[in-house]
Amino acid sequence: MPDVTLETRDLTVRFGGHVAVDHVSCRFHAGELTAIVGPNGAGKTTYFNLISGQIPVSEGTVLLNGNDLTRATVPARTLAGIGRAFQLTNLFPDLTVLENLRLVVQAHRGPKFSLFSRAAAHEELTEAAQVILQRVRLDTMADQVVTALSHGDQRKLEVAMLIALDPQIYMFDEPTAGMSADEAPVVLDLIAEIKADTSRTVLLVEHKMDVIRTLADRIIVLHNGALVADGPPAEVMGSDIVREAYLGKEIADV
Amino acid sequence: MLMKLISGDTPRSPILSVILAAILLSLAFAPFLFPGTRPLDTAAHICIFIILVASYDLMLGYGGIVSFAHTMFFGIGAYGVALSLEHMGRSFGAVAFGTVAGMILAAALAFVIAMFSLRVRAIFFAMITLAVASAVAVLVSQFSTLTGGEDGMTLKIPRELTPAFKFHDEKILGVRMNGKLLNYYMVFFSTLILFLVMLRMVNSPFGSVLKAIRENAFRAEAVGYRVVVYRTAVTVISAMIAALAGAIYALWLRYVGPATTLSFDIMLDILLMVVIGGMGTMYGAVIGATVFVLAQTYLQDLMGTASDATSALPLIPDLLNPDRWLLWLGVLFILSIYFFPTGVVGRLRGAK
Ligand SMILES: Nc1ncnc2c1ncn2[C@@H]1O[C@H](COP(=O)(O)OP(=O)(O)OP(=O)(O)O)[C@@H](O)[C@H]1O
Ligand SMILES: [Mg+2]
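As they're listed, the protein sequences go chains Z and P. Using this note's numbering, the first residue of the first sequence is number 7, and each one after it goes up by one. Using this note's numbering, the first residue of the second sequence is number 514, and each one after it goes up by one.
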């Protein structure tokens with residue numbers, strides 16, 4: 007078995023009386039891509055929020071390489087290696103595509119507190135950002151302001167931001183939602199590339215079954231905040247509880 | 514070379530470039546171009562407000578932080594110099610000591626306010642600054658034995674900066690070569706240097722992070738920036754520059770009092786100058802300060818003239834009575850904000 011990188015133990019959050027994530031215990035491994043599935047409102051995004059720190063937990067722990075990060079701040083977790091792309095595009099809207107990416111590269115490579123050097127003079131940042139732009143096929147858009155981009159390109163940039171961070175843990179929240187049929191493959195290929203790097207752990211929230219079938223090594227199912235199934239794709243997709251909770255409807259649709 | 518000086522941050526509008534160049538030249542040669550005490554005083558005021566407004570823009574326009582304590586920091590610098598000159602005697606050593614002490618105090622106060630309130634909510638910070646600034650203003654007027662209270666203090670500045678000091682016997686181009694001239698150039702060059710330093714800061718890696726935080730603090734955190742640290746840092750830097758501006762101002766006026774530094778009226782003036790010039794642009798501070806100070810100084814005169822000229826007409830002379838200048842200033846602002854919601858700089862850049 008490969009190394010456990012990320013682990014949640016009894017991870018729970020309550021919003022008032024509503025338990026959005028309910029005692030989820032799960033281990034994630036290096037070189038593994040885990041698809042997280044479940045109906046709308048199952049708590050998938052909230053589970054991500056607890057891991058990356060945007061929402062404080064009510065109960066349970068988050069461990070990265072055995073270190074307890076439950077009380078760590080969002081930036082501390084990011085720098086420790088937990089990276090996150092958002093379901094709803096969440097960028098720096100009035101900055102250019104290149105500036106968005108440069109900021110990410112700068113965040114983990116520095117310089118952070120350089121007050122008197124010119125930002126534009128740090129060519130290594132620009133170069134690193136440009137390499138990533140090429141990977142997501144956004145290089146022609148480098149100088150466009152984010153608000154001028156199409157929805158699909160904004161989604162690509164969202165993914166590029168995570169790649170620029172180059173974290174140990176990659177968390178994608180429906181990365182291809184709303185993308186056209188010819189845009190999605192670019193992103194899916196990138197995820198496959200990341201997965202091929204055996205030192206990385208990938209968590210992928212995804213609704214599209216064909217995507218899960220081709221990419222996932224493992225599926226976990228959330229239902230009303232609880233983890234109800236966990237195993238290899240073939241096994242999980244065939245199980246009764248999953249058909250009932252979620253997949254039945256999807257498969258009927260296909 | 515020039516690009517390096519302005520950190521590659523060009524005005525990005527030909528009209529704006531011309532206006533900025535005109536302002537720079539006018540201020541640089543003010544003593545020779547506009548003889549007389551009052552024009553020189555106006556030029557020095559413009560300079561000092563450029564620093565003050567630019568440092569406020571650093572916080573508001575780049576950091577996205579609303580503060581009502583900027584005049585407090587301004588005042589701390591001014592009183593710092595005043596008190597050290599009073600107690601240490603008339604020397605440049607005292608000036609340096611008072612300036613540095615004022616800047617350190619301003620930095621410490623800004624740090625404490627920021628650490629306590631910025632981590633909560635931005636609006637909380639605004640309220641705290643309002644409370645602290647009011648408290649300090651009251652304290653200064655109460656401690657009249659130390660601060661001179663409402664009357665303020667007159668400064669005995671080093672002789673080299675006063676009109677009594679002559680470094681050249683003859684006039685050059687009709688201008689007396691005295692300490693007043695030196696004092697003006699101290700104000701001017703401090704402004705120029707500080708402005709360029711601030712322009713560099715907003716175009717530095719640190720400045721990029723500030724812009725990111727202003728745009729989307731949530732994502733900035735997710736990317737790995739500790740937003741509170743950056744906001745605190747910019748607040749402290751801004752406060753220190755405001756204190757420095759206060760020290761320069763006190764030396765120029767040779768006077769310090771609540772009305773010239775701490776008053777809430779000046780805080781409002783700063784806010785208006787930032788908005789008129791254009792937030793988050795740095796150059797907006799230059800335009801805002803120049804327009805505002807000129808209007809404040811000369812609108813009354815202009816109205817007096819206009820009032821006399823129209824004395825034969827009904828009602829109009831009354832409206833143009835110099836006592837109504839504040840009304841017209843208000844009208845001017847409403848119009849400028851209505852027509853230039855992104856400030857003069859934003860408007861000129863947008864028009865291209
Ligand atoms: N900050 C919050 N405050 C209150 N309730 C919340 C909050 N965040 C999420 N919830 C609730 O928690 C539940 C889980 O939401 P979540 O967004 O995690 O679902 P999801 O599985 O990501 O759904 P989708 O597939 O639609 O993205 C929902 O009922 C939601 O309304
Ligand atoms: Mg979701």
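Glycine is no exception: its CB is placed at the ideal position from the N, C-alpha and C atoms. For clarity, every value in this text was computed on a predicted model and none was experimentally measured.
Please list the partners that residue i has in chain Z, where partner means a Cβ-to-Cβ separation under 9 Å.
i: residue 834/P; result: Correct list: empty, because the minimum Cβ distance to chain Z is about 45 Å.
Taking the alpha-carbon of residue i as reference, which of the options has the nearest alpha-carbon?
i: residue 577/P; options: 802/P, 636/P and 660/P; result: 636/P
i: residue 652/P; options: 770/P, 735/P and 679/P; result: 770/P
i: residue 735/P; options: 148/Z, 47/Z, 23/Z and 170/Z; result: 170/Z
i: residue 517/P; options: 117/Z, 27/Z and 125/Z; result: 125/Z
i: residue 729/P; options: 90/Z, 132/Z and 98/Z; result: 98/Z
i: residue 791/P; options: 863/P, 598/P and 709/P; result: 863/P
i: residue 799/P; options: 560/P, 614/P and 571/P; result: 560/P
i: residue 162/Z; options: 45/Z, 188/Z and 88/Z; result: 188/Z
i: residue 33/Z; options: 197/Z, 175/Z, 246/Z and 111/Z; result: 175/Z
i: residue 855/P; options: 574/P, 646/P, 820/P and 625/P; result: 574/P
i: residue 805/P; options: 546/P, 548/P and 566/P; result: 566/P
i: residue 737/P; options: 129/Z, 58/Z and 28/Z; result: 58/Z
i: residue 722/P; options: 117/Z, 228/Z and 146/Z; result: 117/Z
i: residue 52/Z; options: 71/Z, 70/Z and 30/Z; result: 30/Z
i: residue 819/P; options: 524/P, 827/P, 703/P and 833/P; result: 833/P
i: residue 110/Z; options: 164/Z, 68/Z and 95/Z; result: 164/Z
i: residue 211/Z; options: 199/Z, 204/Z, 226/Z and 202/Z; result: 226/Z
i: residue 106/Z; options: 88/Z, 62/Z, 196/Z and 149/Z; result: 149/Z
i: residue 24/Z; options: 73/Z, 192/Z, 132/Z and 48/Z; result: 48/Z
i: residue 549/P; options: 797/P, 676/P, 634/P and 640/P; result: 676/P
i: residue 611/P; options: 597/P, 828/P and 803/P; result: 597/P
i: residue 12/Z; options: 61/Z, 87/Z, 44/Z and 20/Z; result: 87/Z
i: residue 122/Z; options: 698/P, 715/P and 546/P; result: 715/P
i: residue 859/P; options: 794/P, 837/P and 842/P; result: 794/P
i: residue 668/P; options: 796/P, 802/P and 761/P; result: 761/P
So is residue i in contact with chain A if we call contact Cβ pairs under 8 Å?
i: residue 756/P; result: The question asks about chain A, but that chain is absent: this structure's protein chains are Z and P.
Mind pulling the chain P residues with CB within less than 7 Å of residue i?
i: residue 121/Z; result: 714, 717 and 719
i: residue 84/Z; result: 735, 736 and 737
i: residue 113/Z; result: 736, 737 and 738
i: residue 81/Z; result: 734, 737, 738 and 739
Residue i touches chain P at which residues, Cβ-Cβ below 8 Å?
i: residue 100/Z; result: 728
Does DSSP classify residue i as helix, strand or coil?
i: residue 254/Z; result: Model confidence at residue 254/Z stands at a pLDDT of 47, short of 50, so the residue's coordinates are unreliable; what they give is reported in the following sentence. In the structure shown, residue 254/Z sits in a helix (DSSP, three-state: H, G or I).
i: residue 70/Z; result: strand
i: residue 175/Z; result: strand
i: residue 744/P; result: helix
i: residue 212/Z; result: coil
i: residue 768/P; result: strand
i: residue 164/Z; result: helix
i: residue 865/P; result: Reliability fails at residue 865/P, whose pLDDT of 41 lies under 50, so the model's placement of it is uncertain and the value that follows must be treated cautiously. It is coil, neither helix nor strand.
i: residue 234/Z; result: strand
i: residue 128/Z; result: coil
i: residue 555/P; result: helix
i: residue 142/Z; result: coil
i: residue 65/Z; result: strand
i: residue 4/Z; result: With chain Z covering 7 to 260 only, the question about residue 4/Z has no answer from this structure.
i: residue 96/Z; result: coil
i: residue 55/Z; result: helix
i: residue 524/P; result: coil
i: residue 691/P; result: strand
Going along chain Z, which residues have a C-beta under 7 Å from residue i?
i: residue 521/P; result: 124 and 126
Mind pulling the chain Z residues with CB within less than 8 Å of residue i?
i: residue 725/P; result: 98, 101 and 109
i: residue 708/P; result: Those do not exist, as residue 708/P stays about 14 Å from chain Z at its closest Cβ, beyond 8 Å.
What residues from chain P crowd round residue i, counting only those whose CB sits closer than 9 Å?
i: residue 117/Z; result: 717, 718 and 719
i: residue 90/Z; result: 735
field: alpha helix (DSSP H) segments (min. 4 residues) lying fully within the segment 639–689 of chain P
entry: Restricted to the segment 639–689 of chain P, the alpha helix (DSSP H) segments that are unbroken, complete and at least 4 residues in length are 657–660, listed in chain order.
query: Whole alpha helix (DSSP H) runs in the segment 571–647 of chain P with 4 or more residues, listed along the chain?
result: Listed in chain order, the complete alpha helix (DSSP H) runs (minimum 4 residues) inside the segment 571–647 of chain P are 583–601 and 605–630.
query: Hey, which unbroken runs of the beta strand (DSSP E) at 3 residues or more fall wholly within the segment 11–45 of chain Z?
result: Counting only runs that start and end inside the segment 11–45 of chain Z, the beta strand (DSSP E) elements of at least 3 residues fall at 24–35 and 39–43.
Alpha helix (DSSP H) segments (min. 4 residues) lying fully within the segment 773–800 of chain P: Listed in chain order, the complete alpha helix (DSSP H) runs (minimum 4 residues) inside the segment 773–800 of chain P are 777–790.
- prompt: Between the segment 599–611 of chain P and chain Z, which residues of the former have CB atoms less than 7 Å from a CB of the latter, in chain order?
  reply: Within the segment 599–611 of chain P, no residue has a Cβ that lies closer than 7 Å to any Cβ of chain Z.
task: Determine which residues of the segment 47–79 of chain Z have a Cβ less than 9 Å from any Cβ of chain P, and write them out in chain order.
output: Flagged, chain order: 58, 59, 60 and 79.
message: Closer than 8 Å between beta carbons: that is the criterion. Which residues of the segment 767–793 of chain P meet it against chain Z?
response: Hits within the stretch: zero.
query: Quick one, which residues of the segment 200–234 of chain Z are near chain P if we go by CB-CB under 7 Å, in chain order?
result: Taking a C-beta cut-off of 7 Å against chain P, none of the residues of the segment 200–234 of chain Z qualify.
field: Residues from the segment 156–170 of chain Z in contact with chain P, defined by Cβ distance under 8 Å
entry: Hits within the stretch, in order: 167.
- prompt: Whole beta strand (DSSP E) runs in the segment 824–863 of chain P with 3 or more residues, listed along the chain?
  reply: Taken in chain order, the whole beta strand (DSSP E) runs of length 3 or more contained in the segment 824–863 of chain P number zero.
Positions along the segment 619–635 of chain P whose CB lies within less than 7 Å of some CB in chain Z: Listed by position, the residues of the segment 619–635 of chain P near chain Z (Cβ gap below 7 Å) amount to none.
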